[in-house]
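The block underneath contains the structure these notes are about, expressed in C-alpha cells.
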Amino acid sequence: MKVNVYIDGFNLFYGMLKGTPYKWLDLEKFADAIVANNIEVVAIKYFTARIKTFPHDDDKLLRQYYYLEALSTLPRVQIIEGFYTKHKVKMPFFKEPCVSCDKTDGMASVVKLEEKRSDVNIATEMILDAMLDNDVDAFTLVSGDSDLAGPVSAIRHKLKKPVAVYNPHGGTCDELKKFASLYRNIPQDTPRRCQLPDEITLPDGRTIRRPPAWLPQSVTQ
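To convert, note that position 98 of the sequence shown is 78 in my numbering; the numbers rise steadily by one, no gaps.
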C-alpha cells in the first residue's frame, strides 16, 4: 500500500516537540516510523508558517529558517506554507498581579500571534490528492486538530479512500477518531528516534548545523 502523509506542523510542535531538544526532526524517518512496515510513504507534505518574532526572540526565526533549509534536502518532503498574523487585542489580566505593572484586574492591550491558512491548506491538499492522485492508496494525517474532521470524513465516506490519523498529543480527539479509518496516538519517544544529522550539506555547497538550542542537552523552544 502507498500513502501520502500530511503533517500539521503547528499541531506537531505543540503536541510533541515544544520544550524538548528534538525539534531537529527528520520528517522522512518520522513518517516511516509511525506507519506500518508494509506501507510505503510516497510523499510527505509539511504544513507550517514562517514565524513572526518579538525583539527578544529573533533567534527563533533563525532556528526555523535553518530547519526548513534542512528539510528541503529530503526528497519526499514538500513544505507548504501559511502565514502568521501579529495584531493587538484586549485581554483580561490574570488573577495574579502582572509582573511588570502590578495590575490584578481590568483589560490590557497585548500583541497576539496567530497562524493562518495551514488547516485550509491541509484540507485542500488532502482532498485534491484523494481526487486526482491515482498512485496513492490511502492518506495519513498527523494532527490533533478537530477542524480537520471534515476533510477526513469527506475523503473516507465520499471519495471512499482510507484515512489514518496519528495524533501527536497525549489525549484523544473524538471528532477525528469518529471519522478516521484508523486512529492512533504517536508514541512520545518517536521524535527522539528520528533526528536529522547534526550537520547537513545543502545542494549549493553550504553547510548548516543543528542550532545549539536544539542540542540534546537543551530544552529551548
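By construction, the Cβ of each residue, glycine as well, lies at the ideal position given by its N, Cα and C atoms.
Treat the numbers as computed from the prediction; the structure is a model and nothing was measured.
Asked	Found
Using the Cβ count rule (16 or more neighbours within 10 Å means buried), how would you classify V100?	exposed
Please identify the residue among L112, T152, E105, D6 whose C-alpha is closest to the C-alpha of V132.	E105
Given this structure, state the Cα-to-Cα distance separating V(-17) from R56, to the nearest angstrom.	12 Å
Mind reading off the beta-carbon distance from L202 to A103? Whole number of angstroms is fine, and I expect it under 8 Å.	With the chain covering only -19 through 201, there is no way to say anything about residue 202.
Enumerate in chain order the residues of its own chain whose CB-to-CB distance from P191 is below 7 Å, with the five nearest sequence positions on each side excluded.	R43, Y46
Does the separation of the CB atoms of G(-5) and P148 fall below 8 Å?	yes
Is it buried or exposed, A16, if we count other Cβ atoms within 10 angstroms and call 16 or more buried?	exposed
From D(-12) to K141, what distance separates their C-alpha atoms?	20 Å
Rounded to whole angstroms, what's the CA-CA distance from A11 to Y26? Just pull it up for me.	11 Å
Within this structure, are the beta carbons of I59 and L48 separated by less than 8 Å?	yes
How far does the beta strand (DSSP E) with K(-18) in it extend, from its first residue to its last?	-18 to -12
Can the beta-carbon of A160 be found closer than 8 Å to that of A144?	yes
Let me confirm a value: L195 is counted as buried when at least 16 other C-beta atoms fall within 10 Å, else exposed. Which label applies?	exposed
Pick out the complete beta strand (DSSP E) segments inside the stretch 114 to 193, 3 residues or longer, and give them in chain order.	118 to 122, 143 to 147, 162 to 165, 179 to 181, 187 to 189
With respect to the alpha helix (DSSP H) encompassing K(-2), which residues constitute its N-terminal and C-terminal limits?	First-last for K(-2): undefined, no H or E at that position.
By the DSSP assignment, the beta strand (DSSP E) with F27 in it spans what residues?	20 to 28
Would DSSP call M111 helix, strand or coil?	helix
Can you tell me which of V(-15), E61, N(-9), I14 puts its alpha carbon nearest to the alpha carbon of C174?	I14
Who does L5 pair with in a DSSP beta bridge?	Q175
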